[in-house]
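Everything below concerns the one structure shown next.
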Amino acid sequence: MIDLKHINKWVNSGGNRVFLLRDINLNVNEGEFISIMGPSGSGKSTLLNVIGMLDEFGEGEYNFLGQPVHQLKEKQRSQLYKSHIGFVFQAYHLIDELTVYENIETPLLYQNINTSNRRAIVADILDRFNIVGKKDLFPPQLSGGQQQLVGVARALVAKPKLILADEPTGNLNSKQGEEIMELFKQLNSEDRVTIIQATHSERNAAYGSKIINLLDGRIEK
Amino acid sequence: MLKNVILIALRNFIKDKWYSLLNILGLTIGITFSLFLIFYVTDELNYDRYHEKADRIYRIASYIQERDKNTNWPYSQLPLAATLKKDFPEVEESARLLNRERTLFKSGENSFYETKIYYADSTIFNIFSYRFIEGNPARALNEPNSIVISKTLAVKYFGKNTSAVGKTLKTVYDLYKVTGVIEDVPQNSHLRFDMLISMSTILKGNQNGQDNWGSFNNFTYVLLRPGVNVDAFNKKMLPMYDKYMAPIFAKFNVKMHYKAQPITSIHLHSDLQGEPEELGSMSYIWIFSAVAFFMMLIASINYMNLTTARSARRAKEIGIRKVTGSSKKQLVLQFLGESLLTAFIAVLISALLVLLLLPFFNSISGKTFTIHTLMQPFNTLLLLSIGLFTGLVGGSYPAFYLSSFRPVSILKGALSTASGNVNLRRTLVVLQFSISMIMLICTWVVYAQLRYIQKIDLGFNQEQVMIVTVNTGQDERHKIYAMNNEFRSMPGIKDVGTGTAYPGSGNISLNLFTVQTNTGHTDKGIECYQIDESFLSTLGIKIIKGRNFSGLADTLHSIVVNEAMVKHFGWDNALGKRVTFPGDTSGNYVEVVGVMKDFNQKSLYNPIAPLLLFYSANNNIIELKLGSGDIKTTIAKAETIWKKYFPQLPFEYKFLDEDFNSQYVADQKRGKIFAAFSILTILITCLGLLGLTAFTTQQKQKEISIRRVLGSSTLDVVLLITKNYLWLALIASCIAFPVAYYFMHNWLKAFPYNDGLSVIPFVVSALVIVVTAVATASFHSAKAALTKPAVVLKTE
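Spelled out as structure tokens, the structure:
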């Protein structure tokens, strides 16, 4: 599904190249649950952003579902991630001015799905995540765990093949974090959604089927 | 999708109430007053266009060339209209209008003085489209003593709901039959009247005017056939001089030609003397259009600035939307939609405000707009386009700017630096400052000049002089003498003089004279009127050489001239110089017996011209110099005396100073409009600044707090923020000064009497802008500086 070959990414700082990612080779098959680990600044988020096509890279090849991402134009790329990738963030990143229902609905709006279909899909997911009662609340009225639940629901609503989660439990207490991890595991095993998460915590990383360690932008073998 | 966008727009709107109100308030003020200016300008541009055949109607103007002077008049001669129709196939119809003096009309108990009266040919209604409420335009002015009146007059004389046609109106001497009632002549006409009397009333049995090509008294209008080339027509009229006028004018070396003037261009473009109504001015059209545009621009800039400055708050939303799949285009549309929504809310409020403020605007602009006149498809379209303009201009930059954020950087927390393009915002603020400054300087200079010309020594004493006019035939003139003697004996009246005109009055004649010079003779048109021996002393005009008139013996013998005339002819010794009427071979002459000090006969737009005064006793315009004492009782007493002599005439008076200054009414009106708008411009700019500093200080809150922790004082912080605005104001002055100088320098050129440009308006205007800017900026920065640093740094 994902095939990264010799990916390098750097920034220029005072005439020097500072490498953020260095010769990354990574192959992810559908249905995998991968945890990326590493200390702060090791390049976890950068790697996720590259995979999510939110960020560019300097050199290398990236094939996603057989499409050469490195050759695609901005528009095509966004079309690609829009229909196949869902994102979950450490800080949830919900739109504060929209209700839970509307937040979850947002990705569908950008995919030209008609109103009644949208209603059905969102209702489904609210039901599944047990947050039907909260659908008319605004994000600041929810606890962190509940907000992240909404975040995951939103990531899932467009039925992506891949979920990218950047420290999804970083802002949560351990119990809330565990719930989210359980949810991921369930999604992975029952819905066959591919998941890549970046995390600090060994415990969370253990939920994955494969762990990749990053240090200074390099994958540690 | 749309619902989602509108929802978020509304929720954001409510969440940032103050910000939204600021935005809408600024836009509303901008739009409301731009609308007023646009109404003003379109009204000025649409003068006389309401006639169905407006584009084919022309007024024939006379261009008269004397040896040393050109006189261009809207007037022509009585025979012209019929001759044009007869001789030129291009002319489909022609008609004359001849002004009638102020007349007292009576119907039963109702009697009023009317001033807007014209004699008119019956063909006038074939040319102009005046709407008849009663009567038949084809026949209305056929018979002598027929009269067509406006609806207002019909109500005034005959009451509402009664038919006026068939009723009669009386003057002291005549009886007129009402044959038609028309809708009032619209305000935007180059010529307005309340009454039209059939031309045959004065020309019956008195045909001598019909062949007189020598006197220019009436307006001649022609309706040209479709497709006629006016330049060719003008050329074709040139030979008329040889045919009709050369026999009279050639011996005086006077030449003349006609020119057909499109009536739609008269109001703004006519450069003729003696127009029947006050003209507009193309330069004001440009100025007002520019002001309207700039107001709207400033308001849009505010919106743009506030929205981009505030973009940090929306950045997260943008990032999320992008990550969840929104395209750039969708985001652009979303933000444009929001700004259009704001703009249209402002447009809606503005429309209501316009209706509310209409009476106020009418009173300062002198227009007579009503809700009815404004409810036109054009104005609806205008509102829509203003909404679109401000919405798009104000929303475009934020929309494109905000939607081009890279989601990664936003979501990674680079929010606080996403403060918009600082340089662009600064440029826009400089632009606003410059515009405000220019308007302030111009207002100041205009006002200073208007004050200056009112204070200037006019050469006569205009205070406490009351003017009353006796409208009566020659046979009653002797009564004036007796009445004036009674006036003189009144304790409240110091002096009484009479004349056929007075300073500032329009009715002086320009006559051709043969004037003796140091070496020979020369012909020249000179302005002249008649006065009695007390006229000059009543007005405090001094004789500097020779003597004043002494009485009846001076009639047809003596004249008094002004210094300008002495200078014009280069007389070494003015006294005894002779003046004759051209063509008069009888050997009669008048002789200069006195030279008076120059005074301003006309407004200060005109330099003082040569003036020649004849002697005549008992003229119909009486000047009363009032003494100290209660003016009201003096007037009341004067009225009782008047009633004794002229019981049939109402006693009406005016004051010389007010009358003279009424010549500047047009400029004063425009000055007021301009002042109102420059204040509004500054207000809008301040609103923008208020919002802008609120957000920039918010962004700098962390910096401010750290500085505070490190020991800086509140004042230091305020200075830190306001310093920027000082710089911007300085740059703005560099732009505003030359522009304002250029415009005001040109404007002042129109006044032969001007104060020149002083530095003060420039310096003070710049200071005003600096002070308001700094004050607005300090407001927020002080607030920021006073916030406890711990609170800020904890949340960062």
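Residue numbers (this note's numbering), protein chains in the order written: chain A, 1090 to 1310; chain B, 143 to 938. Every residue gets a Cβ at the ideal spot worked out from N, C-alpha and C, and that includes glycine.
Next item on the list: Compute the Euclidean distance between the alpha carbons of B/T225 and B/P418, then round it to the nearest angstrom.
Entry: 24 Å
Next item on the list: Determine the burial state of B/L831: buried for a count of at least 16 other Cβ atoms within 10 Å of its Cβ, exposed for fewer.
Entry: buried
Notebook entry, point to check: Can you tell which of B/R812, B/S218, B/P894 and B/N165 has its C-alpha closest to the C-alpha of B/L483?
Noted result: B/N165
Margin query: Please return the same chain residues whose Cβ sits closer than 7 Å to the Cβ of B/F477, not counting the five positions on each side in sequence.
Written below: G537, P540, A541, L544 and S545
Checklist line | Where the region 158 to 179 of chain B meets chain A: residues whose CB sits under 7 Å from a CB there | finding: none
Note to self: Within 8 Å, do at least three Cβ pairs link the region 922 to 929 of chain B to the region 859 to 869 of chain B?
What the structure shows: yes
Check: Should B/I506 be listed as close to the ligand ADP, given that the test is whether its C-beta is under 8 Å from any heavy atom?
Finding: No copy of the ligand ADP appears in this structure; indeed no ligand is present at all.
Check: Could one say the Cβ of A/D1112 lies closer than 9 Å to chain B's Cβ atoms, at least one of them?
Finding: no
Item checked: C-beta contact flag for B/E765 and B/G641 at 9 Å -> yes
Notebook entry, point to check: Using a beta-carbon distance cut-off of less than 7 Å, what residues from the region 1173 to 1206 of chain A approach chain B?
Noted result: F1176, F1178, H1182, I1184, E1186, L1187, E1191, T1195, P1196, L1198, Y1199 and Q1200
Checklist line | Local conformation of B/I750 per DSSP, three classes | finding: coil
Margin query: One question on the structure: do B/Y589 and B/G898 come within less than 9 Å of each other, judged by their Cβ atoms?
Written below: no
Check: Who are B/T245's beta bridge partners in DSSP?
Finding: B/E256
Checklist line | Host alpha helix (DSSP H) of A/T1204 (start-end) | finding: T1204 to R1217
Next item on the list: Return the bridge partner residues of B/H663 from the DSSP annotation.
Entry: B/Q658
Next item on the list: Using a Cβ cut-off of 9 Å (strictly closer), state whether B/E419 contacts chain A.
Entry: no
Margin query: Taking 9 Å as the threshold (C-beta atoms), are B/V807 and B/G508 in contact?
Written below: yes
Checklist line | Contacts around B/F300, its chain only, beta-carbon distance under 7 Å, and the 5 residues preceding and following it disregarded | finding: S249, A306 and K309
Margin query: Taking 9 Å as the threshold (C-beta atoms), are B/L754 and B/V702 in contact?
Written below: yes
Check: Beta carbon of B/A643, beta carbon of B/I763: below 9 Å?
Finding: yes
Margin query: Distance check for B/Q743 and B/L798, CA to CA, integer angstroms please.
Written below: 12 Å
Checklist line | Helix, strand or coil at B/S578 [DSSP, three-state] | finding: helix
Check: Is the CB-CB distance between B/W215 and B/A223 below 9 Å?
Finding: no
Note to self: Strictly under 9 Å for the Cβ-Cβ distance: is A/R1208 near chain B by that measure?
What the structure shows: no
Next item on the list: State the Cα-Cα distance for the pair B/H332 and B/Y260, rounded to the nearest angstrom.
Entry: 14 Å
Checklist line | Extent of the continuous alpha helix (DSSP H) to which B/K470 belongs | finding: K470 to S507
Item checked: Where B/S583 sits in the DSSP three-state scheme -> This sequence places Ile at residue 583 of chain B; Ser is not what is there. If DSSP states are grouped into helix, strand and coil, B/I583 belongs with the helices.
Next item on the list: Report buried or exposed for B/F502, applying the criterion of at least 16 other Cβ atoms within 10 angstroms of its Cβ.
Entry: exposed
Notebook entry, point to check: So, are the CB atoms of B/G639 and B/S679 less than 9 Å apart?
Noted result: yes
Checklist line | Length of the line joining the Cα atoms of B/H663 and B/F723 | finding: 12 Å
Checklist line | Extent of the continuous beta strand (DSSP E) run through A/S1124 | finding: F1122 to M1126
Item checked: chain B within 9 Å of A/Y1170, Cβ atoms only -> yes
Note to self: Distance cutoff 9 Å, beta carbons only. Does A/R1089 sit that close to anything in chain B?
What the structure shows: Any answer about residue 1089 of chain A is impossible in this case: the structure gives chain A only from 1090 up to 1310.
Check: Quick one: does B/T449 have its CB under 9 Å from some CB of chain A?
Finding: no
Checklist line | Continuous alpha helix (DSSP H) stretch holding B/D801: start and end | finding: L798 to N803
Check: Helix, strand or coil for A/N1262 per DSSP?
Finding: coil
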